[in-house]
Amino acid sequence: MSLQVSAIPTYTSTQNVVSTVKRPSFSYHPAIWGDYFLTSVSHSKQIDDSSEQQFEGLKQEVRRIIADIDKNEPCKKLGLIDAVQRLGVAYHFKSEIEHALKKVYHGYNDDENDLNTAALRFRLLR
1 MSLQVSAIPT
11 YTSTQNVVST
21 VKRPSFSYHP
31 AIWGDYFLTS
41 VSHSKQIDDS
51 SEQQFEGLKQ
61 EVRRIIADID
71 KNEPCKKLGL
81 IDAVQRLGVA
91 YHFKSEIEHA
101 LKKVYHGYND
111 DENDLNTAAL
121 RFRLLR
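The letter at position 113 of the sequence shown is residue 113 when you use the UniProt record's numbering, and the numbering goes up by one with no holes.
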């Protein structure tokens with residue numbers, strides 16, 4: 001014997017009314033934070049001069065590090081470029097990264113045959 005179940009409300013022959021479910025309504029209290037986070041976003045976008053100078057100094061330091069890594073250690077250079085890209089700040093160093101990748105490409109040697117370096121080289125040079 002099979003039993004059929006349906007989620008569609010049905011009318012009975014004696015009643016022409018569909019029963020409705022009454023759900024309670026809730027009134028939530030306002031949050032204790034108010035609109036603090038909405039207003040704090042506009043204030044946090046303002047950068048003072050000392051932060052701007054520090055930011056520019058750090059960018060120059062990263063540029064120097066990318067340029068100074070020895071040609072004999074392409075694995076370190078590729079690792080640094082990978083880290084800069086994963087941090088999402090590679091657009092600040094686009095020309096330095098392109099120059100470094102060209103050096104790695106033209107100075108390719110088959111001395112480093114580990115899988116990590118090969119995968120990193122493939123991903124960055126494609």
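From the three backbone atoms N, C-alpha and C, an ideal C-beta is built for every residue, glycine too. Because the structure is a prediction, the values reported are computed rather than measured.
The beta carbons of V104 and L78 sit closer together than 8 Å.
No Cβ-Cβ contact shorter than 8 Å links I69 with L58. For A83, the closest C-alpha among the options K71, N72, I97, F55 is that of I97. Per DSSP, F26 is not a residue of any alpha helix (DSSP H), being assigned neither H nor E. With contacts defined as CB atoms closer than 8 Å, L124 and L101 qualify as a contacting pair.
Exclusion of the five residues before and after A31 leaves no residue of its chain whose Cβ lies closer than 7 Å to its Cβ. For H99, the enclosing alpha helix (DSSP H) has its first and last residue at 94-106.
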